[in-house]
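As structure tokens, the structure follows; a few thoughts come after it.
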Amino acid sequence: MDHQQLFAISAAGMGVQRRRVEVAALNLSQADIAQAPGRHTYQPLKVVLRAVAGSNFGDAFQHAAQALPAAQVEVAGLPPKRAHEPGHPAADAEGFVSYANVDTVAERLDMLRATRAYEANLAAFSMSRTLVLKTLDLGGRG
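Residues in the sequence shown are numbered from 8 upward in steps of one, following the numbering used here.
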């Protein structure tokens, strides 16, 4: 495996984790916004990872540049949460208000996990860079 593939793997991992943080932040920003009656409530999003190539880990490792994960964002498809708040301006005729069905604790934990995974990928990228530079330095002395 050449150094380009090492960098590509770490960069792909950082890209996926950045996407997870962005989606969690978007979901959290919409968690407490009430929707007026007759309007569609925000549907929370989720990041789904799928391998592009390779049927197992060995194949994926051998063809690392081609088997990078693809982060796709999909709608979670959860029904809206309804709260009985008759005095709310967005309440329907029965006094219920619709909110996005966002689990704020789960979103914050996902954001924290994604941040830690990003940091791990960044450390791997940095270590790969250091090793490549050391190799070039040793090769230049010969």
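C-beta: ideal position from N, C-alpha, C; glycine also.
Name the two residues that bound the continuous beta strand (DSSP E) containing residue i.
i    : result
A6   : Residue coverage of the chain in this structure runs from 8 to 149, which leaves residue 6 outside it and unanswerable.
Y106 : F103 to Y106
Apart from the five residues just before and just after residue i, which ones in its own chain have a Cβ nearer than 6 angstroms to its Cβ?
i    : result
Q37  : Y49 and A107
E128 : The residue you asked about is not Glu; residue 128 is Asn in the sequence shown. Cβ within range, chain order: S17, G20 and M21.
G31  : For the record, residue 31 in the displayed sequence is Ala; it is not Gly. Cβ within range, chain order: E114, D117 and M118.
Secondary structure at residue i, three-state DSSP: helix, strand or coil?
i    : result
A78  : strand
R57  : strand
A43  : coil
L116 : helix
Within its chain, find whatever has a CB closer than 7 angstroms to the CB of residue i; leave out the 5 residues flanking it on each side and keep chain order.
i   : result
N34 : P51, L52, V109 and E114
F14 : F132 and S135
Which one of the options has the shortest CA to CA distance from residue i?
i    : options                : result
G94  : P86, K88, P87 and F103 : F103
A121 : Q11, V23 and Q12       : V23
H47  : P86, A100 and P96      : P86
S105 : D39, D9 and Q12        : D39
Alpha carbon to alpha carbon, how far is residue j from residue i? Give it in angstroms, no decimals.
i    : j    : result
L116 : V28  : 10 angstroms
P44  : D99  : 5 angstroms
Q42  : A97  : 6 angstroms
T137 : Y125 : 18 angstroms
E101 : A130 : 54 angstroms
Just to confirm my understanding: we take residue i, look at its own chain, exclude 5 residues before and 5 after, and list those with CB closer than 8 angstroms. What are they?
i    : result
A78  : G22, V23, R26, R27, V54, V55 and L56
V80  : R26, V30, L52, K53, V54 and V55
T111 : L35 and A38
Could you spell out where the alpha helix (DSSP H) holding residue i opens and where it closes?
i    : result
V109 : No alpha helix (DSSP H) holds V109; DSSP gives it neither H nor E.
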